[in-house]
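Colleague:
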Amino acid sequence: IQMTQSPSFVSASVGDRVTITCRASHNINNWLAWYQHKPGKAPQLLISAAYILQSGVPSRFSGSGSGTDFTLTISSLQPEDSATYYCQQANYSPDTFGGGTKVEIK
Amino acid sequence: EVQLVESGGGLVQPGGSVRLSCAVSGFTFSNHWMSWVRQAPGKGLEWVANINQRTTSRDYVDSVKGRFTISRDNAKNSLFLQMNNLRAEDTAVYYCARTAENTRGLDYWGQGTLVTVSS
């Protein structure tokens, strides 16, 4: 299963709304997760099963979508959100990650 | 507190072998699928392998099939990745990760261990 993320890079200002999309090559039945990864640190699970916000993750993060098209939204970008974001499908084995979206703060 | 701690990385020659370990604590290890994920220098995350609770199911990304073996010891709360016939393109930080019971997300990760394949 191919996971296509877009854009690969986004530069936005604090307070901006940022949207990242992920498209699966086949229906993945909402088994879609989103991760935040900062250099030198372990990736952090933000959203699982397409829209379930993990405990402790700020509510400005949200996930939506179904079937093959999914979205991660950061409603009001904060300085600490500078990171690379990945989607991952877990419907078909092997699991696959998208190529990543680097979010830069202007 | 949930903790996953990888060890075993280092410099290895092409064609060589290395065994990674992941010691876990703070949760019931035998209740969870476990995975290995890697990140090559300057690249994105790549899922490598996973294993179910009783080792009756294991799967691998195509590029490591026949060379890597994932295993676990539930009595010792440990996950392993035996890596044989290593190639330069296996150079990466390797993370172990726990799969959440109901959502299939990888909800806890170790800090990673670097494997460098070079002569």
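Note that the protein sequences, when read in sequence, are chains E and U.
Taking our numbering, the leading residue of the first sequence gets 1, the next gets one more, and so forth.
Taking our numbering, the leading residue of the second sequence gets 107, the next gets one more, and so forth.
All residues carry an ideal CB built from backbone N, CA and C; glycine is no exception.
On the three-state DSSP scale, how would you describe E/S59?
Modeller: coil
Colleague: Does the pairing of the segment 73 to 81 of chain E with the segment 107 to 119 of chain U give three or more beta-carbon distances under 8 Å?
Modeller: no
Colleague: Below 8 Å, how does it come out for the segment 6 to 24 of chain E and the segment 171 to 182 of chain U: are there three or more Cβ pairs, yes or no?
Modeller: no
Colleague: For the pair the segment 121 to 130 of chain U and the segment 56 to 64 of chain E, tell me if three or more CB-CB distances fall below 8 Å.
Modeller: no
Colleague: For U/I157, which residues in the same chain have their Cβ closer than 6 Å to its Cβ, ignoring the five residues on either side in sequence?
Modeller: M140, R164, I176, R178
Colleague: Any C-beta of chain U sitting closer than 8 Å to the C-beta of E/T96?
Modeller: yes
Colleague: At least one CB of chain E closer than 8 Å to the CB of U/V130: is that the case?
Modeller: Chain E, which has no Cβ nearer than 8 Å to the Cβ of U/V130, makes this no.
Colleague: Pick out whichever of E/D69, E/S64, E/G15 has its Cα sitting closest to the Cα of E/I28.
Modeller: Selected option, being the one with the closest Cα: E/D69.
Colleague: Does E/H37 get closer than 8 Å to chain U when you measure Cβ to Cβ?
Modeller: Yes, its Cβ sits closer than 8 Å to a Cβ of chain U.
Colleague: With H, G and I counted as helix, E and B as strand and the rest as coil, what does DSSP make of E/S48?
Modeller: strand
Colleague: Could you work out which residue in U/S225, U/V124, U/C202 is closest to U/R144 when comparing CA atoms only?
Modeller: Taking each of U/S225, U/V124, U/C202 in turn and checking the Cα distance to U/R144, the smallest one comes out for U/C202.
Colleague: Select from U/G211, U/A194, U/L212, U/T219 the residue whose C-alpha is nearest the C-alpha of U/F186.
Modeller: U/T219
Colleague: Threshold first: 3 residues or longer. Then list the beta strand (DSSP E) segments lying entirely within the segment 119 to 146 of chain U, N to C.
Modeller: 124 to 131, 140 to 145
Colleague: Quick check on U/K182: does DSSP put it in helix, strand or coil?
Modeller: Secondary structure of U/K182 (DSSP, three-state): helix.
Colleague: Any C-beta of chain U sitting closer than 8 Å to the C-beta of E/G65?
Modeller: At least 8 Å separates the CB of E/G65 from every CB of chain U.
Colleague: Tell me which residue opens and which closes the beta strand (DSSP E) that E/Q36 is part of.
Modeller: 32 to 37
Colleague: Going along the chain, which residues of the segment 13 to 44 of chain E sit with their C-beta nearer than 8 Å to a C-beta in chain U?
Modeller: Against chain U - using a Cβ distance shorter than 8 Å - the residues of the segment 13 to 44 of chain E are W31, A33, Y35, H37, K41, A42, P43, Q44.
Colleague: Using a 10 Å radius around the Cβ and a threshold of 16 neighbouring Cβ atoms, would you call U/T205 buried or exposed?
Modeller: By the C-beta density criterion, U/T205 is buried, having at least 16 other C-beta atoms within 10 angstroms.
Colleague: Would you decide whether E/H26 is buried or exposed? Buried here means 16 or more other CB atoms lie within 10 Å of its CB.
Modeller: exposed
Colleague: So the candidates are E/S66, E/G98, E/I47, E/T96; which of them puts its Cα closest to the Cα of U/Y214?
Modeller: E/I47
Colleague: Is there a Cβ from chain E that is less than 8 Å from the Cβ of U/D49?
Modeller: With chain U covering only 107 through 225, there is no way to say anything about residue 49 of chain U.
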